[in-house]
Amino acid sequence: MENNNQYFTYFIFLLFLHLDLSAQDDLTGIVINATEPYCDNGSIDITVNGGYPPYSFEWTYDGSSGPKYYSSSEDIDELRNYRYCVTVTDDFCGTVSECWDVKCCLEVPTERIIPYCNPENLGSISLDLSGGYNYYVTWYNSNDVPIPGTDIGINKLQAGQYTAVFTNQECIFTKNYIVPNNVLSYSTVLFKNPSSIVNKNNGIIQIEVKSKDPVSLSYFRSNSGYPQGNSIGAKAILIPDFIDQLKTNSLEFHETSDYILEKENELQSVFPNPFDVNINFLFSSKSDFTTNYSIFDIYGRKILENSLQISKGSLNYIINFEKYPSGIYFLEVKNKHGQNYKRKIIKQ
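At the far end of the sequence shown sits residue 379, using the numbering used here, and the numbering has no gaps.
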C-alpha cells in the first residue's frame, strides 16, 4: 500500500513537470502586427496562443543605459524610434520574449506662424529644421492643391488651413497648420448718454475692438492735436468726453455726434450686399445745401471726389463700387461749417 502511494506521488510530479515543460514549449504562437509606425503614433498589437492563460506582459525599450520598463498592457501605442521587447508569461510560468524595431520619424519641427492682417501683410508659416531632421516637405492648401513652398516654410498666405507632408528615409507624416485672420475690426456706439451732450460734458463713445493681439489706440480732441490713449486688449473700452477722431493701428475713422453737426444733415450707411456693387447713402437736411464728398482707401489715398447738391428733405444717393477692389474704404462728407463726417465702407 505504501509503495502504491509512492508511485502515485511520483506520477503526479511527472505530470506537473510535463505540463510545465509543455507550457514553455507551446507558448510560441505570437503574431506581431505593427501599424502606422509614425511619430508618436506607432503601435504594436500582439496575439498570444498556446501555454496556459491568463498571460502577463512586460514591455521594455532600449534606453541610453539599457532596457527600460515601458508597459504591462497587451498592446502598446504612441511609440517612438526605439527597439521594443515584450516578455509574455503564462499561468504556469512559461515565458517567451520577442523584440522588433519601430522605425518612426524624429521630432516634429517647431513652427512660427504669422497671421494674415491685410493684403499688404500676408501670413506665413516658418519651420525650424535646424535639428538635422532631413525632411522633404510638400505643401497643400485647404483644397489639397499643391502650392509653392520650401522645406523651411511658405509665405504670402491668406487666412486658412495649410497642410505639410513631411518625408524622410524612414517614414512620411502630415501636419495641419492654421493661419489665423487678424484683421482688426471695431464697432462704435456714439454717446450712450446724449442728454449730457448739450453741456458738452460726460459724453461717451464706446469702442469695441476685436483683435487676436493687443492693439494701440490713440484719440484726439477736436480742438487739440495732442494725442491721448492707451494700449487695449480685445475688449470694449469707454472713452470719456468729446472725441471726433480715432486712430487704431494707423486705421483712421471720424465720428461726430448730431450735436456737433447741429442736426443739419444726417448720414446713414448700409453695409453692402456682397453681390451688389452699389452703396446706398441716405442724406437728410432741414435746408438746401451743397457739399463735397470724397472716398479714401484704407491707406488714406483719395480715390474719388465729387460735389453733391442736397435739397431740403431726404436724398437717397448711390455710389457704384464696381471698379474698386475688395477692401475697406471711407466716405467723407463736409457740411457748410467745414465739419467732417466719415463712414467706413466694406466691400466684400
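We put the beta carbon where it would ideally sit given N, CA and C, even for glycine.
Proximity below 8 Å, CB of residue i to CB of residue j
| i | j | result |
| --- | --- | --- |
| Leu160 | Ile145 | no |
| Tyr171 | Asn199 | no |
| Val210 | Ala190 | yes |
| Phe75 | Tyr115 | Looking at the sequence itself, residue 75 is Ile, so the reference to Phe does not match. Result yes, Cβ atoms of Ile75 and Tyr115 sit closer than 8 Å. |
| Tyr324 | Leu339 | yes |
Cβ separation of residue i and residue j, assumed to be a contact under 8 Å, to the nearest whole Å
| i | j | result |
| --- | --- | --- |
| Val168 | Phe197 | 6 Å |
| Phe352 | Lys378 | 5 Å |
| Leu110 | Val133 | 5 Å |
Residue of the options minimising C-alpha distance to residue i
| i | options | result |
| --- | --- | --- |
| Ser103 | Arg143, Ile377, Gln189 and Thr118 | Thr118 |
| Lys343 | Thr321, Glu363 and Asp328 | Thr321 |
| Pro150 | Ser325, Lys187, Val79 and Phe361 | Lys187 |
| Arg143 | Thr91, Arg114 and Tyr208 | Tyr208 |
| Cys25 | Ser157, Tyr86, Pro85 and Asn212 | No statement about residue 25 is possible, as the shown extent of the chain runs from 32 to 379 and does not include it. |
| Glu129 | Ile156, Phe88 and Asn152 | Phe88 |
| Pro85 | Asp93, Thr120 and Ile377 | Thr120 |
| Ile329 | Lys354, Ile359 and Leu339 | Ile359 |
| Gln80 | Pro356, Glu105, Thr91 and Asn337 | Residue identity differs from the one stated: residue 80 is Asn in this sequence, not Gln. If we check each option's Cα against that of Asn80, Glu105 comes out closest. |
| Asp93 | Trp131, Glu336, Tyr193 and Gln340 | Trp131 |
| Thr141 | Asn337, Lys206 and Phe361 | Lys206 |
| Gly331 | Asp319, Asn347 and Phe361 | Phe361 |
Residue i, buried or exposed, once every other Cβ within 10 Å from all chains shown has been counted against 16
| i | result |
| --- | --- |
| Gly154 | buried |
| Ile349 | exposed |
| Thr78 | exposed |
| Val364 | buried |
| Glu334 | What sits at residue 334 in the sequence shown is Ile, not Glu. Exposed. |
| Gly82 | buried |
| Thr91 | buried |
With a cut-off of 8 Å, do at least 3 Cβ pairs link the stretch 124 to 135 to the stretch 169 to 176? Output reads no: the stretch 169 to 176 does not touch the stretch 124 to 135.
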